[in-house]
Every structure is written in structure tokens, then in C-alpha cells.
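These notes concern the structure reproduced below.
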Amino acid sequence: MPIIRSTTALAAIASGFFLTGVDHADAAVAGDFPNQFLSCFDAANLTEIELPADVQGFRLIEIAEHAGDKGMPAHCEIVGAINDRISPVDGQHYSIKFRLRLPQDWNGRFYMEGGGGSNGALKDAMGPTGLNQEDSALERGFAVVTTDSGHDNDTNSDSNASGRSAFGMDPQARLDFGYMSYDIVTRVGKAIVEKYYGAAPEKSYFIGCSEGGREALLMTQRYPDLYDGIAAGAPGIHFSYSAAYAPFLLRIFGNLAETRNQSGPDGIPLLNKLYSDNDVQLIADAVVGACDALDGLEDRMSNNIEACTTVTVLPRLRALTCSGAKEEGCLLEDQIDAFVAGMAGPVTSDGTRLYPGHPWDPGIGGRIGDSVNDGFRSWWFGSYDSDQNNARKVTLSTPQHAMLWQTPPVPLRPDEYVRFEMNFNIDETPALAYATTDLYPVSSAELGNADSPDLSDFASRGGKLVIYHGAADAAFSALDTIKYWNAVNETADGQAADFARLFIIPGMNHCQGGPATDDVDLLTPLMAWVEDDLPIERLEATGNVILVSGPDAAEAQRAEYTIDSGTIVMSGNVLLNQSAGTLASQRMVVNLTIGTASMSGRVKTILNPSSGTSENN
52 MPIIRSTTAL
62 AAIASGFFLT
72 GVDHADAAVA
82 GDFPNQFLSC
92 FDAANLTEIE
102 LPADVQGFRL
112 IEIAEHAGDK
122 GMPAHCEIVG
132 AINDRISPVD
142 GQHYSIKFRL
152 RLPQDWNGRF
162 YMEGGGGSNG
172 ALKDAMGPTG
182 LNQEDSALER
192 GFAVVTTDSG
202 HDNDTNSDSN
212 ASGRSAFGMD
222 PQARLDFGYM
232 SYDIVTRVGK
242 AIVEKYYGAA
252 PEKSYFIGCS
262 EGGREALLMT
272 QRYPDLYDGI
282 AAGAPGIHFS
292 YSAAYAPFLL
302 RIFGNLAETR
312 NQSGPDGIPL
322 LNKLYSDNDV
332 QLIADAVVGA
342 CDALDGLEDR
352 MSNNIEACTT
362 VTVLPRLRAL
372 TCSGAKEEGC
382 LLEDQIDAFV
392 AGMAGPVTSD
402 GTRLYPGHPW
412 DPGIGGRIGD
422 SVNDGFRSWW
432 FGSYDSDQNN
442 ARKVTLSTPQ
452 HAMLWQTPPV
462 PLRPDEYVRF
472 EMNFNIDETP
482 ALAYATTDLY
492 PVSSAELGNA
502 DSPDLSDFAS
512 RGGKLVIYHG
522 AADAAFSALD
532 TIKYWNAVNE
542 TADGQAADFA
552 RLFIIPGMNH
562 CQGGPATDDV
572 DLLTPLMAWV
582 EDDLPIERLE
592 ATGNVILVSG
602 PDAAEAQRAE
612 YTIDSGTIVM
622 SGNVLLNQSA
632 GTLASQRMVV
642 NLTIGTASMS
652 GRVKTILNPS
662 SGTSENN
């Protein structure tokens, strides 16, 4: 099938598309809603709202009235806390904090913004409409809420107990982070909205990426009645098993660092200088050389994940092997072996795969312009010029693994992170993930996994789900998300596309970044699908769009692909390049079903290799 791709700005996911169906102006109006509501500073009366039964208490922390300042519309901001308590385990004060913004011009909709990392802080609650979008859900008239998920990084962290993951010592804080807080905050937030405006939200939306993507999937699985439209980006579907990636990688790269006598003054292996920025880019370039043309177009992107395997890439990597000492432009054999092993993913000693490896993708280098700013560099190795381990698999993943994704939790000092993972027995991962104790009766797997493929309750009430994942994500594997999608589709008897869609974005790193299309409007098409029953049926790409079919390639400024009819309409300086020559026009219609293309308007033909042109109407 031909590939639609835009090499410039896209308002879309995947190979370049914008999900259509609702104009931006129409997307802000859901119905007629009362303009009579509490003024912001009368919001203390909100303590009188009828709280859900599992809410023991609610207190207001801050109320602020915004008169359209700082780029925000006029709205009331409420910060509150739910279920204040003192932990009997660690003596810490915990509560579920939230921030709720209530716009003056409300559109009758509710929006929850997902978290990130291990949470512990309140986001701005503006409500992103997608990836790198300038506007916000608040600007579109949504009431927007977010939560810290039940712990506070400023007060509940402990540098001697895994830092910001220290809340993992408290059983209830674990549960709140795992799933309970998102349900509670949603229901309290909606109760406040109804009290404030005198009307309940007509439709509700949830958008999040990474940890927020996991939370988004939780809404479809545990709480299918809370949200109508959900977008889950790069979701941590199997936290308890993806956590095994940290000890798996640190053993590989930590051993390599020790072999090279590359350790700090404390004797801890340093990962930072195992690969220079240029080394990482050499690997990415090898992927380009091996896989670029597998999708029919040489554009330094790889759209064929299935074909771009280790078997395909390894010969290109071996060709980069240094003949002697390490130099620029070559890789040592142990560098190649270690990186290939890391890409394969964690397995037990008996060969049981715990978590999928990562796809080979040009975005491995994380290169945007002339600098390596993200990708595998930041997650696996850290900054090359650092004199301490600052890879995210060390600073973020390791304390989470120790405190949350095994039972019982193991508090660590930062200087213990690397050794803990290097000495961790991966074979014990399943037992520790599913273990329970009297103090921790809920296992880590039940706590953190969002992997139920049965979304029938969510689908039956009209819920719609969009899942997206960058192919070059070094935090969570896109292959795991594909595996989950296949399970959802199988459970739905092959009809999952009626309520859910998956999009893999070539080149994109974790949630954004990399040599990829990461300018994406998620909210508008999701609303069209939910509210107007307009499924994702048309893909739009703008700006240097390329359509590839075998040896032929067409270029245009705009392309519209209608999925059901199988037609692509290309317009604006259309160029069709074939072996015999090039055709130019302003419009071309491609029928993928019967394999034909027709050009209209003034058509100009350029013949190759002979010179001369002819023009036709």
C-alpha cells in the first residue's frame, strides 16, 4: 500500500495526518449551558458539594480568579486536597491534590490531563490538545483538572529512600498512584463543575502520555463510565515488567563500563561515556542505511517496523567496526554487541521474554538539527559530558523499580541505584511483581499494569480510544503497545477499529521529539468521533507530502486519504515521478482499490531521458 508522508509540519499522527470531522470553531460548542454560576471567590461554598462515598474529606488550598491574563481565558482556578491523612507506615502526611480550572465561557465539557513520571506534582491543568499544539483545552472552553495522584514530591520525597519514589513505602499512596486517585479526582472534579455551572458535563475527555498514557488506558479498563474520548500516548502498559529493562540494561552497560575501567571515584560504573553522541548517531545512520528503503521511499525514515529487524541492521553495524583503536566514524565490537543486546529486551535465564525489545528506528539518535538531545542517549546513557550517572534508566526507572514495581519495596540511596540493578536477579521479576504481603495486599502487577484487552464496557457506552506511540521510544517499547492493540482487537473479534485506533509514529522519541512528525492535534478528531460519530476516516497531510507506490513517487502540497473508499486526492504542485518521466498538475486522484491514478487540470509531461515537454489540458 502506498505511504503518505509529510516531511514538514503536520497536524497529524503516523505518516502524516490530521483526523477530520469537526471544524475548530464548532468544536467549542456542545450545547446551551447556564451563564449563571458562582463567582470565583464564592467558591468556598463548594465545600458543600455532595462528595463520593470514598472521599473522607475535602479542603480548599487556593482559589484564584484569572481575568484573561498570561495567555489564558477568564477562569476560576481551584486547588484542593482530598483524603488528608498521616501514614501509619512512614509517618508522612499524604493527600490527593488537584488543580481545576473553570472557564467563564464553558463549552459543557470536562477534560483530565494525565500525569508523568511518578507524578507527585500538579501540572498547570491547561489541557494539551495534542503534541506541540499552541492552544489548550482551557482556551477551547473545557473545564480542566489534573492531580498529583496522592503524594507530593516536595514533602514526601526522601533522598535516602529512592527520592521521589519514597511514597512507595505507604500502601495507600501506592494504590492512589496506581489507579484510585484518578477515579476520585474525576468524580470530585465533575461534582464541582456541576455545582459551579449548575449543569453536569455533557462529554468528558482524557489525554495523557507515558505515565499519563497508562492512566488513560486505566480509564478504559477500570473506570469505563468516566470518559467518552481518550487519547493514550506511549503508555506504560506493563510497568511491573517494563521495569525489568533497567536491571537488564544496567547489567549490560555497567559490565561494559567496568571492563573499560570506566568508574567514578566511588567505584560505581559510569555509563555516560560508553557512547559518544557521534557513536549513537552512527547507530541511527546504520538503521537508515538498512531500513530506509524498505517502505519504498529513501527519506531517512523507516515505516516498516516488521521488516527492520536486528538481522537486517546488524550487517550495517558490523561494517562500522573499528579495525584497531576507537576512532570517530567507527564503533568498537563490544559497543555494537552491547547495544544489540540492549535492543533485544529482557529475558529470564530460561529464555522467557519479560518485555519486548525496541524497534530499530532512525530516531534512536534523537537528532533534531545538529544536536542529539533525546532518544536513547538520554534514557540509556545520559549526558556524555556528565561526570555522574544521569541516564533516565538510572535516575527515574531504578527508584520506581525498587519502590513500586516489586513487593515489598526496597528503599535505596542514589549511590546504590546502579549496583542494585546490576545485582538484581531478573529471574525473580515475575515473583516480585505478583507478590503480596499483609502490609501490601495488592501486587505491583495489579497496581501498575494497564493491560486488560477487554474494553467492551467502554465501547458499549460509545467510548472512543486513540493510542499513539513513537517507534523510537527508549522508555516504553512500541512493540509492547502493538502487542496490546492486537490483544484488544482479538478480544473484540477483529472489530476494535470501531472504537479504538493505534498509530505508530516513525522517528518519534518518548511522547515527542526525534526526526519525526510530532505536531499533532488529538482533541479535535477525538471530539468528532465521540460527538458526531465521525470515525477516523480521513487522513490529511500538508506541506511537501510524498506518496510512494513501488518505483513511483508523487509529491504535492496537500493530500487527503479517505480510508473507506481507498482514494487519495493530492493537490498543489503535484509531481508524479515515474521511470519514463515526470507528470505535473494541480490535482491527482489515486484509487488504491483498483490501482489507478488520474490527473486533472493543466498537465505537463517531462520525458526522460530525452528532452522536451508536452502540455495537455
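Just remember that our numbering sits 51 ahead of the position in the sequence shown, which is counted from 1.
Backbone N, C-alpha and C fix where the C-beta goes; we use that ideal spot for every residue, glycine too.
Fair warning: this is a prediction, and the values are worked out from it, not measured in the lab.
Original post:
Looking only at its own chain, which residues have a Cβ that is under 6 Å from the Cβ of S448, when we skip the five neighbours before and after it?
Top reply: Counting from 1 along the sequence shown, the entry for residue 448 is found at position 397. Excluding positions up to five away in sequence, the list reads A297.
Original post:
Mapping DSSP to helix, strand and coil, what is S374?
Top reply: Taking the first residue of the sequence shown as 1, we reach residue 374 at position 323. In this structure, S374 counts as coil in the three-state DSSP scheme.
Subject >> Through-space distance from D105 to F84, alpha-carbon basis >> reply: If you number the sequence shown from 1, residue 84 lands on position 33. If you number the sequence shown from 1, residue 105 lands on position 54. At F84 the pLDDT is 45, less than 50, meaning the model places this residue with poor confidence; the figure from the coordinates comes in the next sentence. Rounded to whole angstroms, F84 to D105 spans 29 Å at the Cα level.
Original post:
Once you ignore the five residues that flank G305 on each side, which residues in its own chain have a CB closer than 8 Å to its CB?
Top reply: On the sequence shown, residue 305 is found 254 positions in, with the first residue counted as 1. Cβ within range, chain order: P320, L322, V469, E472, M473.
Original post:
Between L325, A285, I415, P222, which lies nearest to S495 when the distance is taken from Cα to Cα?
Top reply: Position 444 of the sequence shown, counted from the start, is the residue given in the question as residue 495. Nearest option by C-alpha distance: P222.
Original post:
Over what stretch of residues does the alpha helix (DSSP H) that includes L386 continue unbroken?
Top reply: What you label residue 386 is simply residue 335 of the sequence shown in a count that begins at 1. The sequence shown places Gln at residue 386, not Leu. Segment 384-395, the alpha helix (DSSP H) holding Q386.
Subject >> Residue range of the unbroken alpha helix (DSSP H) whose run includes C342 >> reply: As a first step, residue 342 must be located in the sequence shown, where it is residue number 291. Its alpha helix (DSSP H) spans residues 328-342.
Original post:
With a cut-off of 8 Å, do at least 3 Cβ pairs link the stretch 99-113 to the stretch 232-241?
Top reply: yes
Subject >> One or two residues paired with E164 in a DSSP bridge >> reply: Residue 164 sits at position 113 when you count from the first residue of the sequence shown. Partner(s): I258.
**OP:** Let me know if L490 comes out buried or exposed under the rule of 16 or more other beta-carbons within 10 Å of its beta-carbon.
**Re:** Counting from one through the sequence shown, the residue named residue 490 turns up at place 439. Exposed.
**OP:** Answer with buried or exposed for A76, where buried requires no fewer than 16 other C-beta atoms within 10 angstroms of its C-beta.
**Re:** Residue numbering aside, residue 76 sits at position 25 when the sequence shown is read from its first letter. Its pLDDT being 35, under 50, A76 is placed unreliably by the model, and nothing is read from it.
Original post:
Leaving out five residues before and five after S662 in sequence, what residues of the same chain have Cβ atoms less than 6 Å from its Cβ?
Top reply: Counting from one through the sequence shown, the residue named residue 662 turns up at place 611. Per-residue confidence for S662 stands at a pLDDT of 42, beneath the threshold of 50, marking its modelled position as unreliable; no derived number is given.
Original post:
Cα-Cα, which of T363, T480, A337, G565 is closest to V398?
Top reply: Locating residue 398 in the sequence shown gives position 347, where the first residue counts as 1. The option with the nearest alpha carbon to V398 is T480.
**OP:** Identify, in the order they occur along the chain, each residue of the same chain with its Cβ nearer than 7 Å to the Cβ of W456, setting aside the five sequence neighbours on each side.
**Re:** To locate residue 456, count along the sequence shown from 1; it is residue 405. Here the set comprises F290, S291, A294, A484, S495, G499.
**OP:** Report the residue from D584, I533, S400, A285 whose alpha carbon sits nearest the alpha carbon of N476.
**Re:** Taking the first residue of the sequence shown as position 1, residue 476 is located at position 425. Ranking D584, I533, S400, A285 by Cα distance to N476 puts S400 first.
**OP:** Measure the CB-CB distance between G229 and E262 and report whether it falls below 8 Å.
**Re:** Within the sequence shown, residue 229 is the residue found at index 178, counting from 1. Within the sequence shown, residue 262 is the residue found at index 211, counting from 1. No, they are not a contact pair.
Original post:
Using DSSP with H/G/I as helix, E/B as strand and the rest coil, what is K246?
Top reply: Numbered from 1 along the sequence shown, position 195 holds the residue referred to as residue 246. K246: helix per DSSP, three-state reduction.
Original post:
When DSSP labels each residue in this structure, what does I477 get in the three-state scheme?
Top reply: Numbered from 1 along the sequence shown, position 426 holds the residue referred to as residue 477. The answer is helix: DSSP assigns I477 an H, G or I state.
Original post:
Candidates V517, N204, N183, L226: which alpha carbon is nearest E497's?
Top reply: Along the sequence shown, read from residue 1 onward, the residue named residue 497 stands at position 446. Among V517, N204, N183, L226, the Cα nearest to that of E497 belongs to L226.
**OP:** Keeping to the same chain, check which residues put their C-beta closer than 6 Å to that of R150; ignore five residues upstream and five downstream.
**Re:** Along the sequence shown, read from residue 1 onward, the residue named residue 150 stands at position 99. V130, L173, A176, T197.
Subject >> Paired residues, beta bridge with R638 - DSSP >> reply: As a position in the sequence shown, residue 638 is number 587, starting the count at 1. Answer by DSSP bridge pairing, in chain order: S622, S651.
**OP:** Assign G558 to one of three DSSP states: helix, strand, or coil.
**Re:** By one-based count along the sequence shown, residue 558 stands at place 507. In this structure, G558 counts as coil in the three-state DSSP scheme.
Original post:
Which of the three DSSP states, helix, strand or coil, is assigned to G264?
Top reply: By one-based count along the sequence shown, residue 264 stands at place 213. Here G264 carries a helix assignment [DSSP, helix/strand/coil].
Original post:
Got a sec, what are the start and stop residues for the beta strand (DSSP E) E113 sits in?
Top reply: The residue given as residue 113 occupies position 62 in the sequence shown. Element bounds for E113: 109-118.
Original post:
K121: buried (16+ other C-beta within 10 angstroms of its C-beta) or exposed?
Top reply: To locate residue 121, count along the sequence shown from 1; it is residue 70. Counting Cβ neighbours within 10 Å, K121 comes out exposed, since fewer than 16 surround it.
Original post:
Is H452 buried or exposed, if buried means 16 or more other CB atoms sit within 10 Å of its CB?
Top reply: If you number the sequence shown from 1, residue 452 lands on position 401. The residue in question, H452, is buried, as its Cβ has 16 or more Cβ neighbours within 10 Å.
Original post:
What are the boundary residues of the alpha helix (DSSP H) that N134 is part of?
Top reply: What you label residue 134 is simply residue 83 of the sequence shown in a count that begins at 1. Here N134 belongs to no alpha helix (DSSP H); instead the beta strand (DSSP E) covers 125-137.
**OP:** Would you mind giving the Cβ-Cβ distance between G514 and I281, rounded to the nearest angstrom? I have them listed as a contact below 8 Å.
**Re:** Position 463 of the sequence shown holds residue 514. Position 230 of the sequence shown holds residue 281. At roughly 7 Å, the Cβ-Cβ gap stays under 8 Å, so G514 and I281 are in contact.
Original post:
Ordered along the chain, which non-local residues of its own chain (more than five positions away) have a Cβ less than 7 Å from that of F299?
Top reply: On the sequence shown, residue 299 is found 248 positions in, with the first residue counted as 1. Counting only Cβ-Cβ distances below 7 Å, and skipping sequence neighbours, we find P397, I477.
Subject >> F149: first and last residue of the uninterrupted beta strand (DSSP E) it sits in >> reply: The count along the sequence shown starts at 1 and reaches residue 149 at position 98. Looking at the DSSP string, the run of the beta strand (DSSP E) that includes F149 is 144-154.
Original post:
Is H520 helix, strand or coil by DSSP?
Top reply: Numbered from its first residue, the sequence shown carries residue 520 at position 469. Of the three classes helix, strand and coil, the one that applies to H520 here is strand, per DSSP.
Original post:
Would V73 be called buried (16 or more neighbouring beta carbons within 10 Å of its own) or exposed?
Top reply: Within the sequence shown, residue 73 is the residue found at index 22, counting from 1. At V73 the pLDDT is 33, less than 50, meaning the model places this residue with poor confidence; the figure from the coordinates comes in the next sentence. Flag for V73 reads buried.
Original post:
Hey, out of E101, L97, T361, E378, whose CA is closest to I114's CA?
Top reply: Here residue 114 is taken as the residue at index 63 of the sequence shown, counted from 1. Taking only the C-alpha atoms, the option nearest I114 is L97.
Original post:
Out of curiosity, what's the CA-to-CA distance linking L111 and A132?
Top reply: Locating residue 111 in the sequence shown gives position 60, where the first residue counts as 1. Locating residue 132 in the sequence shown gives position 81, where the first residue counts as 1. Taking the straight line joining both Cα atoms gives about 7 Å.
Subject >> Range covered by the alpha helix (DSSP H) that runs through V581 >> reply: As a first step, residue 581 must be located in the sequence shown, where it is residue number 530. Looking at the DSSP string, the run of the alpha helix (DSSP H) that includes V581 is 574-583.
**OP:** List the whole-angstrom C-beta distance separating N158 from G192, where the pair is believed to meet the contact cut-off of C-beta under 8 Å.
**Re:** As a position in the sequence shown, residue 158 is number 107, starting the count at 1. As a position in the sequence shown, residue 192 is number 141, starting the count at 1. Sure, about 3 Å apart at Cβ, within 8 Å.
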